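Visitor: A single structure is presented below for examination.
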Amino acid sequence: MSGLIFLVVTSVSGHGRGVCSSQTFLFSSLTVFDIYHTLNTHSFLAGALPLSITLTQSQLRFVASLGAGLLIGSCLIVIVPEGIEAIASASASDHHDNGDHHAPHRRLRRDDAPPAVAHNNTDQDAELPAFHIGLSLILGFALMFLIDRLPRHLTDRFTPPPQSRHVSLDNLSTHQPDSDLEDDTFLGSLAPSPKQSRSLATTIGLVIHAAADGVAMGASATTANMNVGLIIFFAILVHKAPAAFGLTSTLLKQGLSKRAARVHLMIFSLAAPVGALVTYFMVGVLGGEHLEGEGGRWWTGMLLLFSGGTFLYVAMHAMQEENSLGGGHDHGAGQGGGGYSEVGNVGNRRGGRLELRDTLGTVVGMLLPLATRFGHHHH
């Protein structure tokens, strides 16, 4: 079935781009399926690590601190620099192309001096589209802010306010159905609980981030330069495992069960491959000539920065939860949610206090993505 899809897409793209382009599209489509299958398996296995072992509350808090640090480090060290580098390379190539187009119109003479505008061209090549970079980051961040806040407004609207009830002592012995209490319970069950709202916002944020990564991968795979696709793939692969690890550890800390966290992990793992495959075949069938060359690299960088904005909000949200837990404001953290329990009152008091190893774990998680950048200086 997959071979039939490859032949259909190849035949459609071959009419406008030739046999060589069709062979390139067929080869890249075969590579895309293998890469995305590897990406899905890689992220799911990394996210399943906190689900496969039993941890105490203090150990779970340390794992969550490490995962929060990995989220921030992956965003600031891998995703945002990769997006800026893609946009910068595309902008530099555009300046070179403009200079090459205007060069033949000028006739050089033997007595002419070397052009003095060479330094100005290098300055123009070094310019970055700061407005577009900031716009992509803030759009992703603002989208996640709305996704985080809107469920809270809906919860406040549909949840009825607590009502004071006056019960007479004469009616204590009688058994009458309390219909008002049942109605309030039913209406309260329709609205998501604060725990569900936090977990849903965290998962939606990472799913949107993963889908944006998938769109960037699918768009980069359709370009003639396969190096761009490989660079984007390795950049996403590097932060995919920390993101999955941070997702499951955060969900478990929020009180979700292992089964519910596994469902969230599966949705997150499928977001990037599905988005990449849909984008890849949409571009291949509808025609992706406008994504060839540096234009495709520019849009790929913009998508990476947009996903970086969503990623940054999720990482900041995880850090805020770590601070609230350490300050003792999260009273529900000591409960045995998610299958984790603490034995004894001393363990409960210790599990709710922020320790030095948690802070060090967050810092180590921030610095771990630096290991992926050594020897990764590509131009």
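Count along the sequence shown starting at 1, add 11, and that's the number in the working numbering.
Every residue, glycine too, gets a C-beta built ideally from N, C-alpha and C.
Please read these numbers as outputs of a predicted model, since none were measured by experiment.
Hey, residue 95 and residue 377: beta-carbon distance below 8 Å or not?
Guide: Cβ atoms of residue 95 and residue 377: not closer than 8 Å.
Visitor: Relative to the C-alpha of residue 318, which candidate in 55, 93, 65 has its C-alpha closest?
Guide: Of 55, 93, 65, the residue nearest in Cα terms is 93.
Visitor: Would you check if there are 3 or more beta carbon pairs closer than 8 Å linking the region 73 to 82 to the region 273 to 293?
Guide: Taking 8 Å as the limit for Cβ pairs, the verdict is that the region 273 to 293 does not touch the region 73 to 82.
Visitor: Report the rounded CA-to-CA distance for residue 368 versus residue 62, giving the unit in angstroms.
Guide: Each residue's alpha carbon lies about 22 Å from the other.
Visitor: How about residue 312 and residue 153: are their beta carbons less than 8 Å apart?
Guide: No, Cβ-Cβ distance for residue 312 and residue 153 is not below 8 Å.
Visitor: Have a look at residue 140 and residue 70 and give me their C-alpha separation to the nearest angstrom.
Guide: For residue 140 and residue 70, the distance between alpha carbons rounds to 44 Å.
Visitor: Keeping to the same chain, check which residues put their C-beta closer than 6 Å to that of residue 372; ignore five residues upstream and five downstream.
Guide: Hits under 6 Å: 73, 76, 77.
Visitor: Take residue 149 and list the residues in its own chain whose beta-carbon comes closer than 7 Å to its own, dropping the five residues that flank it on each side.
Guide: Around residue 149: 320.
Visitor: Which of helix, strand or coil does DSSP assign to residue 308?
Guide: Helix.
Visitor: Am I right that residue 90 and residue 384 are in contact with their C-beta atoms under 8 Å? What's the rounded C-beta distance?
Guide: Not really, about 12 Å apart at Cβ, beyond 8 Å.
Visitor: Can you say whether residue 142 is buried or exposed, counting buried as having 16 or more other CB atoms within 10 angstroms of its CB?
Guide: Exposed, by the Cβ-count rule.
Visitor: Where does residue 160 fall in DSSP's three states?
Guide: Three-state result, residue 160: helix.
Visitor: Flag this pair as yes or no: are the beta carbons of residue 155 and residue 285 separated by less than 8 Å?
Guide: Not a contact, by the Cβ cut-off of 8 Å.
Visitor: Where are the alpha helix (DSSP H) runs, 4 residues long or more, that stay fully inside the region 48 to 96, in chain order?
Guide: Qualifying alpha helix (DSSP H) stretches, in chain order: 60 to 63, 68 to 85.
Visitor: Leaving aside the five residues before and after residue 252 along the sequence, list all residues of the same chain whose C-beta is less than 7 Å from its C-beta, in chain order.
Guide: Once the five neighbours on either side are set aside, the close Cβ partners of residue 252 are 53, 54, 57.
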